[in-house]
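Taking this note's numbering, the leading residue of the sequence shown gets 2, the next gets one more, and so forth.
All C-beta atoms in this analysis are idealised placements derived from N, C-alpha and C, irrespective of residue type, glycine included.
Encoded as structure tokens, the structure appears first; notes follow it.
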Amino acid sequence: MTRTAKRGAENKKRHDASDWSILKSKTTSQPPRDKRKFSSKDKQTSKWNQGNRWQKARTGEEELLHLALHKEQRRERRREKRVKERQIQKVCFKCRLPGHKVEECLMNNSDEGTGICYKCGSTEHSSSACKSNLPPGKMPFASCYVCGKQGHIAKACPDNPKGLYPMGGGCKTCGSVEHFQRDCAEYLEKQGIGSTKVKLISLEASVDAEDDNDNEPQQEKKLSKKKKAKVVKF
């Protein structure tokens, strides 16, 4: 195998220097460059992306997975937006400003008893989760935001004639302003939804034992019937 030495730069033929007038004429006669902007489609098909392995077309399963992930992200963003809108629409009963509840209000005083159970005064639970046996509507530890007195809440205040309906109106069934129609006793009776009574079960007893006790009267009636003797005539 024969090897040949390449000619270096020092062995190249040197030319005479060009005149400035010739160089100036070349620059003026050169056409302007195309300054158009490449679109995203041109960039994807350009030579720079032809060899990029990350820009290859997705398969059918990858495309479906990508669309499902995109839909899930959009659904999550919409859910967060709805939660934020509902939070903004909430109005504080104390300062009447939107964006927070009474427990988070900066105008709360320690004497008003906010953040406690209105029935028993406990700070470990709310009045909706209280197990104290009090008549409905009686809240001795509640403080009214209208008159400032204790013993009732704003919807049952005598100085608040509109109750739960600040824009006017009332329950469509009985006309009361102290409850909504969904909580009205007359409305629930008309719909056939009555108050159910639940029997208390002792710690030692089981639910199956209670069910057996319910069937005891029927069993006693069956046992109380005397069987008649069969008479066979020949």
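Let me confirm a value: residue i is counted as buried when at least 16 other C-beta atoms fall within 10 Å, else exposed. Which label applies?
i      : result
Gly52  : The predicted model places Gly52 with a pLDDT of 48, which falls under 50 and marks its position as unreliable; any figure quoted below should be read in that light. Looking at its Cβ environment, which holds fewer than 16 other Cβ atoms inside 10 Å, Gly52 is exposed.
Asn214 : Bear in mind that a pLDDT of 49 at Asn214, under 50, signals an unreliable position, so the number given afterwards is only what the model happens to contain. So Asn214 counts as exposed.
Asn161 : buried
Met140 : buried
Lys95  : buried
His126 : exposed
Cys175 : exposed
His67  : exposed
Cys185 : buried
His16  : exposed
Quick one: give me the first and last residue of the alpha helix (DSSP H) that residue i is part of.
i      : result
Val84  : 61-90
Met191 : In the sequence on display, residue 191 carries Lys and not Met. Its alpha helix (DSSP H) spans residues 186-191.
Measuring straight from C-alpha to C-alpha, what distance separates residue i and residue j?
i      : j      : result
Ser133 : Lys120 : 7 Å
Val84  : Pro99  : 14 Å
Gln74  : Lys91  : 26 Å
Arg78  : Leu65  : 20 Å
Tyr188 : Cys93  : 29 Å
His71  : Arg87  : 25 Å
His153 : Phe142 : 8 Å
Met108 : Gln151 : 18 Å
Lys102 : Lys163 : 21 Å
Arg76  : Thr60  : 24 Å
Gly138 : Glu62  : 60 Å
Glu179 : Gln192 : 20 Å
Ile194 : Arg183 : 11 Å
Lys82  : Glu105 : 21 Å
Glu190 : Pro136 : 20 Å
Lys25  : Ala18  : 14 Å
Gly149 : Phe181 : 24 Å
Lys229 : Ser129 : 59 Å
Ser123 : Met168 : 33 Å
Pro159 : Val147 : 9 Å
Ile89  : Ala69  : 30 Å
Glu11  : Asp20  : 23 Å
Ile23  : Lys14  : 21 Å
Contact defined as beta carbons within less than 8 Å: I believe residue i pairs with residue j. What is the distance between those atoms, to the nearest angstrom?
i      : j      : result
Leu165 : Lys173 : Contact flag wrong, Cβ pair sits at about 13 Å.
Cys118 : Cys131 : 5 Å
Gly170 : Ser177 : At roughly 11 Å, the Cβ-Cβ gap does not stay under 8 Å, so Gly170 and Ser177 are not in contact.
> Taking the runs of the beta strand (DSSP E) that are 3 residues or longer, which of them lie wholly in the stretch 97-174?
Replying inline: none
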